[in-house]
Structure formats: structure tokens, C-alpha cells
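This report concerns only the one structure given below.
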Amino acid sequence: MRVFITAASQISPIGVSKADVISSFKALKTGVVKEDFGELGEYHVGRIDKINEELCLQYDIPTGLSRTTILGIVAIKELMDNFIDSNKYSGLRSCLINGTSVGGMDYTEGSILNYLGGDSLNKTLFLNHTCGSITKELMKNTVRVDMLDTISTACSSAANAIIAGVEHIKSGNYDLAIVGGTDSLSRFTIKGFDSLGIYDRERCRPFDSSRNGINLGEGAGYILLESEESISKSGNSPLVEITGWGSVSDAHHQTASSPEGKGATLAMTKALNQANLDPSDIDFINTHGTATPNNDVTESQALINVFGDNVPLFSSTKAFTGHTLAASSGIEVVYSIYSMLEGFTMPNLGCENTIEETNLTPVKKFEQGVEIDHLLSNAFGFGGNCTSLVFSKVK
Amino acid sequence: MRLAIDIASTISAQSTFGADQPFDSLVPLSEMTEEIARPVYKEFIPPMKLRRMGPILKMSMTTALDCIKRSELEIDAMILGTGLGCMKDTLSFMQQIKNSNGGILSPTAFIHSTHNTVSGQISLNLKNHGYNITHSQDNLSFEVSILDCMNFLNANSDAQHALLGGVDEKVPFLNEVKSLFKYNKYEFSDLSSSFIVSQAEEQYSGVTIDKVFFDYSSNPIDKVLSDAGLNISDFDIILHSDIESLEDLENGNSLNYLKYCGLNLSSSAFACHLAYEKLKRREGKKAIVINSICTESTGITLLSINE
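What follows is the structure, encoded as C-alpha cells:
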């Protein structure tokens, strides 16, 4: 059974619409800014330049929700086109599978920190805290589905949500799936990555020899998956097809990838086998490319393991958005789909000199008129989870 | 597609761990005079590693290793559900943020705070490269994990066995938010249930997990059941999360598992293990687990013994 993507939407530091995203890539204009976090210090972060109140007003979202939820609602409303003509989905069984790493932490951490300092806790805030509650709120404020699920595998959460959605459709459980992820910025994650020594105090530089860590970012990205039968009823047109996927465990270390890139190699190989494609069929790779010393060299090694001397065009978009954690693979899959449909390369900012050990050069420019028939997208998370997805033009 | 349960292991507020008949001596928590002793974790985990582990990791690693040790089966995937994840480590890192005044913090608690720490650490311990997923859907985390597990085994014909689990830890902080929970008359508890499951063939003669249903309405349970096309009288083992209308059923084999398990977002995993034991002993043929501990969030799991 074939599974198609019939819609793709996101909100991220480089905008919301396809036009916004293309415009930012074309102008090589990053959404990463330096922000003052008071006592915590200054950090470069990927910021969406609208505060919660503005987004709630623009998209008719109730106030009093975590920003993680708000961003997710925005992206799903954009995806489902504000549910105009929602009758087209009646009779179809649907699910919503959401990826998030820290849920409503942006909303609750202030109160929890005060409580840990001896104040009383604002209890009701906690209703917005859990990963599962975020997904429930997404459904409450967008579209009623038959099943909710939240996957939390750190930075590969949205990719795993996509895979879970594909498997649900293939197994016949559901006809369509809204899948992706959302995460907002929090003191918890900023201080967390800083404590690991992998938060770069400068702008992040994926695949550059001087790279020194991530910048965090916020956003949400979702795609609509449909079976062929679902498409015949909904009347939607397929954008691209998801042809391959792999989700495995590196089993090397909680926070670092194995030097030989074992998990990444395995995930990409699985995805290619599933898609029935040779490595040489891949036209572009959207890498995980977080700009940590460890990720970029191990991912490069994995690319060499799979593609040998012929590593395709590749880039990381994380210097445009920061690392949006659980949302990253959702957002970047949306960018990737745009790049396939419009035929452009996603540029990699910040790479001046290649990594010594692997010597791979990412695409640095925005170029149009590029044929991307098959694209591969990677996402790797703490805990050793490695995912790889293959998307193919519909022929 | 049904999941055959090959083996199960539970650490809970009851003396379920390491017992031949894990659910034989159930005592209502309200009548327990002292807490059950924790398992001897160092029989499963080397002391060096154990020192750095919080409760959620110790428990889930132990029930997982217990299943693997006793069954001697190889695992092709690990699929875990947790409602709250690693609360202790999360709060510990937040305490550091509070105390720090902007300095560099120790990363250990942050590293262990991600929800998938548990499944990641188990795969690390076993050097297992299979599919490794963590679901976190409040009280339905175990139920969505069951479905994912069914999909995985169905889609991967070369995969034989999967480790399926539900785990949640209690931390003192939870008492601050107790009033938000429907069933707050029960105390929070620690719980980890691990199962090794495989795809049940047609002629399989053991206990299977057969189907899972979800309902997000606030309808009474009889409407929820009828909407799912289910008739309570079809089931001779009924395990429910303190649902009043199910307490005094005529067929008599109805049990409120919260009374024994306590308040825990993974409590349906405890109930599924209990159902497995009862079915194995032929106390009934068809079991239903009804999990309604969060508002507008009901999961129904059907299990049976096949002759």
C-alpha cells in the first residue's frame, strides 16, 4: 500500500508560508538572533517573531496555553486549511501523532522554579505540562481525530511520529494521519544543552571545522499522510510519496553517537532498502546537522558509509532556525517537500571550512531549477534513536 | 493482529516482582501497613551504573532484564510508554537551575530527563539496535504502545519478539498537583511492567492482547462501550480504574485495579499483567481492561486465552 503526503505546513523562525521559507533561503537570511535571558545569560536562539498573544489573535486560539501547543495549533490549522470543507474527511478514520520533547515546559517552568525556591505552586498550569496534554489540546483546537498519540524520543520525535503514522495507515488501522512535532524554547533546555557544553555562544555552523555546538530554536511542522483509498475519497492531490523509513537504536551512549555512525548508517540503509532505491538514486539529503562536534562528524561518516565516494548534495538548515528539538524533523520535512516541489536546494549557512576527518562540503547556496526526485531526511535523538526518511516525487 | 504474551514482569506497590504467582496476595493499598520492599536491583544492574539511576530507570531496566533473563529471548524492538517520564531527574535539574545564579550546571540530571532515557538505556545495556520508541500520552501511554508494537511485528516479518512496557515513577512533587487528578483518593505509586510479546499465529494457545479502543469523550462507560461495539457481559474478567457502575456486576469477576496499584499513569500495564495471570489460570476466557484515570481519555484493552 502506498502512502502519500497531501499537505505540509510549518511555523519556524524563517516564517510560515512556502513563500516565506523560500524567501529566507534565497536571501540566506537566518531566523537565529541573540537574545538576553536575564540571569541565564545571552544565547543565540531561533525565534519566531510573534509573541503568544499575536499568534492567538491571528489564528483564533484561546489564551492560557503553552507556546508548544500554540505553535502546534498554528501549524495544524495551516495544514488543514482552517478546516474549510471538513466534510471531505467524513467517514475516514484519522489519527494525530505528535512529537514533543519537553511538552509545556515553557509554560510551567517558571512556576515550578518558584515552587522549588519555596513559593507555592500554581497547580492548574500543570495541566499544560505533560507531552500527552499538549497533543490533547492540539486536537481540541483543530480537528477531532479517532486516536491521539505522542512520541517523545528527543530530537527524532517528529520523524518517529511520521513513521508511526505511516505504519498505522499501512496496517489498515487509519486512513489518514496528521503527523509531526512541536517544541518551544525553555530555560530548561537552554541550560540543559549548555551544561553539556554543546550550546554554541556564537551562531551555530553545521559541518564547519570550527563548529562548537547548537543554537536552540522553536517551531512546529506537520504533514498529512493519506492512503490511496483516502485520497480517492478526500479528493486531495498527493504532493510527494513517503517511500522509505528506518528507525533504529545506535546503542552507543546516551548523548553521543558512535564514531562510526552505526545507528545513522543503519537507519539510512533501512530507509533506502524500504524504498527499493540505490544510494545513487538520492538527489538531496536533509541532514540532522546540529553543529555539535560529535553529530556532524559521525553523521558525515555515516554518509560516507552509505554513499561511498558519491555523497549526494546535502545540507543542514539548522543555522536558519536553530535546533527545534522534537519539531526539527517535522519542520525540515516540510522544507524538504517544498524543495522537491519547487526544485531548489536548501542552503547550509555557516560552513567555511570542511570537517577534517570527512571532508564533505554541504550545499551553501540557494539554487533553483534542480531536479529532486528522491530526498532523504535524517533525525537523531538523545538516547541513541536514529531515524531516516525517504520521500519520492509522485510518478 | 494479536500479540502473544510470552512473559511479563512487574514492580509495583504490591509484591508482584519475582513471585511465582505475582498477583496472588493482593492487598488494598489502604490496608497496607508498610511499603513492600524494593527488588534487589543489583541482581540485575551493576552497582556502578545503579548509583547514577533514578527510580524510573532502575525499575524499568529491572523488569525488562527480568523478562529477558527468564525467557532467554532475543528482542527485535523496544516500545515503552510513560505518562510523566523522568520526573525526578527533571526536577533535580530544575533545582540546579534555581540554585545556580547563571553558572554552568552538572548535566547528569538533564541527560536523564528525556522521556526516552529508559528505552535508550535498555538498548544501550543490551547493545540492541532494533526499533526503540517511547510514547507519552498521559494515562494511555501503554495502550498506544500496544498498537505500535502490533504494527511493528506485523510490518517486520523477520522480527520475532518485542519488549513492550509501561513505567511511571512517583515523586513527592506529584502530591502538589494531586487535586488535578480524577482519582486523587489513591496515593501515587511507582510502577514498571514489562512484557515480551510476539505475533500470535492462528492456532496459538496462550494469552493474547487482541484489541485496543480509545474514547476522548466524557460519556459514561456504558455509552463508551456501546460506541466501541462492546458488551460488558461478553467478558468474564473485568479490570477497571474505579468505575462505579462496574463495581457490582452480576458475573462477579470485576476488580478495581487502582485499589491495588495506586495512582499511576501506567496503571493499565499493571492491569494487563494481572489479566494475563488470571487468564493463564483459566479464571476466565476473555478479559477487558478499562482505563479512565484521566478526564476525556479512556483506553480499553481486550485480552483472551486461546485454547
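Going down the list, the protein sequences come from chains A and B.
Under my numbering, the first residue of the first sequence is numbered 1, with each subsequent residue one higher.
Under my numbering, the first residue of the second sequence is numbered 1001, with each subsequent residue one higher.
Backbone N, C-alpha and C define an ideal beta-carbon position, used for all residues, glycine too.
Distance, residue j Cα to residue i Cα
i, j, result
"Ser1254 (chain B)", "Asn98 (chain A)", "35 Å"
"Ala1159 (chain B)", "Asp1148 (chain B)", "14 Å"
"Met1150 (chain B)", "Leu1073 (chain B)", "18 Å"
"Val3 (chain A)", "Thr1082 (chain B)", "29 Å"
"Met1094 (chain B)", "Asp1066 (chain B)", "33 Å"
"Ser1193 (chain B)", "Pro1028 (chain B)", "19 Å"
"Ala267 (chain A)", "Ser1071 (chain B)", "28 Å"
"Gln1096 (chain B)", "Glu39 (chain A)", "14 Å"
"Ile214 (chain A)", "Leu376 (chain A)", "22 Å"
"Ser1009 (chain B)", "Asn1231 (chain B)", "30 Å"
"His398 (chain A)", "Val311 (chain A)", "Nothing can be reported for residue 398 (chain A), as the shown portion of chain A is limited to 1 through 395."
"Ile48 (chain A)", "Phe320 (chain A)", "11 Å"
"Met1078 (chain B)", "Leu1126 (chain B)", "11 Å"
"Gly322 (chain A)", "Pro13 (chain A)", "8 Å"
"Tyr59 (chain A)", "Ser258 (chain A)", "43 Å"
"Pro1022 (chain B)", "Leu176 (chain A)", "41 Å"
"Thr100 (chain A)", "Ala1275 (chain B)", "32 Å"
"Ser328 (chain A)", "Asp1248 (chain B)", "50 Å"
"Thr30 (chain A)", "Ile331 (chain A)", "15 Å"
"Asp200 (chain A)", "Phe1110 (chain B)", "17 Å"
"Ile134 (chain A)", "Thr150 (chain A)", "9 Å"
"Arg93 (chain A)", "Phe1214 (chain B)", "13 Å"
"Thr69 (chain A)", "Thr1298 (chain B)", "22 Å"
"Gly381 (chain A)", "Asn359 (chain A)", "24 Å"
"Cys155 (chain A)", "Glu42 (chain A)", "23 Å"
"Val297 (chain A)", "Glu357 (chain A)", "7 Å"
Exposure of residue i, with buried meaning 16 or more beta-carbon neighbours within 10 Å
i, result
"Gln368 (chain A)", "exposed"
"Glu1307 (chain B)", "exposed"
"Tyr222 (chain A)", "buried"
"Glu1034 (chain B)", "exposed"
"Asp106 (chain A)", "buried"
"Pro347 (chain A)", "buried"
"Pro1046 (chain B)", "exposed"
"Arg1051 (chain B)", "exposed"
"Leu1246 (chain B)", "buried"
"Ile73 (chain A)", "buried"
"Asp250 (chain A)", "buried"
"Leu396 (chain A)", "Residue numbering for chain A in the displayed model covers 1 to 395; residue 396 (chain A) lies beyond these limits and cannot be assessed."
Same chain only: Cβ atoms within 7 Å of residue i, ignoring 5 sequence neighbours per side
i, result
"Asp208 (chain A)", "Gly350, Cys351, Glu352 and Asn353"
"Glu371 (chain A)", "Asp283 and Gly343"
"Leu1091 (chain B)", "Val1171 and Phe1173"
"Ser1025 (chain B)", "Ser1015"
"Lys393 (chain A)", "Val240, Met340 and Asp373"
Cut-off 8 Å between Cβ atoms - residues of its own chain near residue i, not counting five sequence neighbours on either side
i, result
"Tyr1183 (chain B)", "Ser1241, Asp1242, Leu1258, Leu1263 and Ile1293"
"Glu228 (chain A)", "Met1, Arg2 and Phe4"
"Met139 (chain A)", "Leu96, Val145 and Leu148"
"Met80 (chain A)", "Ala7, Ser86, Thr142, Val143, Ile178 and Leu224"
"Thr292 (chain A)", "Ile198, Arg211, Gly213 and Ile214"
"Leu341 (chain A)", "Leu239 and Val240"
"Val50 (chain A)", "Looking at the sequence itself, residue 50 (chain A) is Lys, so the reference to Val does not match. Only Gln58 meet the Cβ criterion."
"Ser232 (chain A)", "none"
Contact set for residue i: own chain, Cβ-Cβ below 6 Å, skip 5 residues either direction
i, result
"Gln1199 (chain B)", "Leu1153"
"Ser1015 (chain B)", "Ile1036"
"Val334 (chain A)", "Ala8, Gln10 and Gly221"
"Ala1155 (chain B)", "none"
Short-range partners of chain B found in the stretch 187-220 of chain A, where Cβ spacing is below 9 Å: Answer in chain order: Arg187, Phe188, Thr189, Lys191, Gly192, Phe193, Asp194, Ser195, Leu196 and Gly197.
Using a beta-carbon distance cut-off of less than 8 Å, what residues from the stretch 374-387 of chain A approach chain B? Going along the stretch 374-387 of chain A in chain order, one finds Gly381, Phe382, Gly383, Gly384 and Asn385 with a Cβ nearer than 8 Å to chain B.
Quick one: which residues of the stretch 1088-1103 of chain B get their C-beta closer than 9 Å to a C-beta of chain A? List them in chain order. Residues passing the 9 Å Cβ filter: Thr1090, Leu1091, Phe1093, Met1094, Gln1095, Gln1096, Ile1097, Lys1098, Asn1099, Ser1100, Asn1101 and Gly1102.
Which of the residues in the stretch 106-132 of chain A, read from start to end, lie with their CB under 8 Å from any CB of chain B? Taking 8 Å as the Cβ-Cβ cut-off, the stretch 106-132 of chain A approaches chain B at Glu109, Ile112, Leu113, Tyr115, Leu116, Gly117, Leu121, Lys123, Thr124, Phe126, Leu127, Thr130, Cys131 and Gly132, given in chain order.
If you measure beta-carbon to beta-carbon, which residues of the stretch 1103-1129 of chain B are closer than 8 Å to chain A? Listed in sequence order: Ile1104, Leu1105, Ser1106, Pro1107, Phe1110, Ile1111, His1112, Ser1113, Thr1114, His1115, Asn1116, Thr1117, Ser1119, Gly1120, Gln1121, Ser1123, Leu1124, Leu1126, Lys1127, Asn1128 and His1129.
Note down, in chain order, all residues in the stretch 1201-1231 of chain B with a beta-carbon under 8 Å from any beta-carbon belonging to chain A. Listed by position, the residues of the stretch 1201-1231 of chain B near chain A (Cβ gap below 8 Å) are Phe1214 and Tyr1216.
Which residues, in chain order, does the stretch 1163-1189 of chain B contribute to contact with chain A at a C-beta distance below 7 Å? From the stretch 1163-1189 of chain B, only Glu1176, Val1177, Ser1179 and Leu1180 have a Cβ closer than 7 Å to chain A.
Length-filtered (4 minimum) alpha helix (DSSP H) runs lying within the stretch 1092-1149 of chain B: For the stretch 1092-1149 of chain B, the continuous alpha helix (DSSP H) assignments of 4+ residues that do not extend past its boundaries occur at 1108-1111 and 1117-1126, in sequence order.
Which full runs of the alpha helix (DSSP H) of 4+ residues lie inside the stretch 1185-1268 of chain B, going along the chain? Complete alpha helix (DSSP H) runs here, min 4: 1221-1227 and 1258-1261.
Contained alpha helix (DSSP H) runs [length at least 4] in the stretch 123-176 of chain A, N- to C-terminal order: You should have 131-141 and 157-170.
Short-range partners of chain A found in the stretch 1287-1304 of chain B, where Cβ spacing is below 9 Å: So the close ones are Cys1294, Glu1296 and Ser1297.
Could you please tell me which residues of the stretch 246-265 of chain A, in chain order, have their CB closer than 8 Å to any CB of chain B? Flagged, chain order: Ser247, Val248, Ser249, Asp250, Ala251, His252, His253, Gln254, Thr255, Lys262 and Gly263.
Residues of the stretch 93-107 of chain A in Cβ contact with chain B at a cutoff of 7 Å, in chain order, please. For the stretch 93-107 of chain A, the set of positions with a beta-carbon nearer than 7 Å to some beta-carbon of chain B reads Ser101 in chain order.
Between the stretch 1042-1067 of chain B and chain A, which residues of the former have a C-beta closer than 8 Å to a C-beta of the latter? So the list is empty, because no residue satisfies the distance condition.
Which runs of the beta strand (DSSP E) at least 3 residues long sit entirely within the stretch 32-78 of chain A? Give them in chain order. You should have 32-36 and 42-46.
Residues of the stretch 156-182 of chain A with a CB closer than 8 Å to any CB of chain B: list them in chain order, please. Taken in chain order, the members of the stretch 156-182 of chain A whose beta-carbon sits within less than 8 Å of a beta-carbon on chain B are Asn160, Ala164, Glu167, His168, Lys170, Ser171 and Asn173.
Could you pull out every unbroken beta strand (DSSP E) segment of at least 3 residues lying fully inside the stretch 198-258 of chain A, listed in chain order? Within the stretch 198-258 of chain A, the complete beta strand (DSSP E) runs of at least 3 residues are 219-227 and 240-249.
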